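Residue numbers are given in my numbering: position 80 of the sequence shown equals residue 608, and the series is strictly consecutive.
To keep things clear, I will list the structure first and then write my remarks on it.
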Amino acid sequence: MDEILARNSFFVKEHVGMFKAANNYDVLDPATNEVLLECREPNLGCFTKFFRFTGYKTMTPFDIIVSTKEGEQLVRIKRGTSMFRSKVQVLDENNQHIGTFKQSFRIGGGFRVLDSQGQIAFDLKGKWTTWEFDFKLGDKELGKITKKWAGLGKELFTTADNYMITIQEDVPVDHPVRKLIIASAMSIDMVLKEK
């Protein structure tokens with residue numbers, strides 16, 4: 529898995545589907561389109577599935593597993609029912625706590641991401657109307673997310689999102705912040721953007 533996390537660019541492609549309750553994504557190498565990671569929500573309960581088709585979708589719990597294509601878990605992202613601000617737990621491949629996101633009240637949305645010790649790992653800040661988000665620790669940029677145009681048909685007729693995650697080269701390969709960046713990028717859609 530270290531070779532996957534050593535990369536600095538990832539293309540995230542949401543699965544398109546009619547009447548889908550689960551959020552499913554593939555994370556690809558942007559140069560080759562090779563699937564590097566799979567993001568799945570395998571344990572949805574029937575009540576959660578029902579509420580995913582209502583106006584309460586952003587309040588529903590989720591339990592997302594990001595794994596290699598061979599099925600090895602990289603991170604697990606969990607949230608209970610959310611009323612106003614989300615609090616999301618991030619677990620590593622051994623289901624050990626590595627961080628928490630706390631949704632911020634700010635224009636454009638975002639979260640404060642804390643490490644396993646409760647210290648600020650970075651802030652995720654975004655623009656109100658776009659898929660443009662920055663991962664920042666103070667003034668230092670750790671990475672960013674940018675929207676990838678999916679074509680007129682997909683943009684007009686589906687809610688599927690495609691976007692790029694870029695991690696700065698000076699973020700150490702073995703540092704947990706890389707997993708937190710991947711986890712927070714996979715959570716944006718469910719916490720801030722889904723309608």
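From the three backbone atoms N, C-alpha and C, an ideal C-beta is built for every residue, glycine too.
If you're wondering where the values come from, they're calculated on a predicted model, not measured in any experiment.
Here ALA534 is exposed, its C-beta having fewer than 16 other C-beta atoms within 10 Å. Closest in C-alpha terms to ASP689, from the list HIS625, VAL544 and ASN536, comes VAL544.
Here LYS672 is buried: its Cβ has 16 or more other Cβ atoms, across all protein chains shown, within 10 Å. Here LYS597 is not bridged, per DSSP, to any residue. With respect to LEU642, PHE663 sits apart: the two C-beta atoms are not nearer than 9 Å. Counting only the Cα atoms, ASN622 lies some 31 Å from TRP659. Counting the other Cβ atoms within 10 Å of the Cβ of CYS574 gives fewer than 16, which makes it exposed. Annotated as distal: VAL701 and LEU670, with beta-carbon spacing of 9 Å or more. Restricting attention to beta strand (DSSP E) runs no shorter than 3 residues, the region 529-573 encloses them at 537-542, 553-556 and 563-568, ordered along the chain. Secondary structure of LYS655 (DSSP, three-state): coil.
The residue among LEU565, ASN551, THR674 and ILE710 with its C-alpha nearest the C-alpha of THR596 is LEU565.
Within a 10 Å sphere around the beta-carbon of THR588 sit 16 or more other beta-carbons, which makes this residue buried. By the beta-carbon neighbour count (other beta carbons within 10 angstroms, threshold 16), GLN645 is exposed.
A check of alpha carbon separations from GLU542 across LEU556, GLU531 and ILE532 identifies LEU556 as the nearest.
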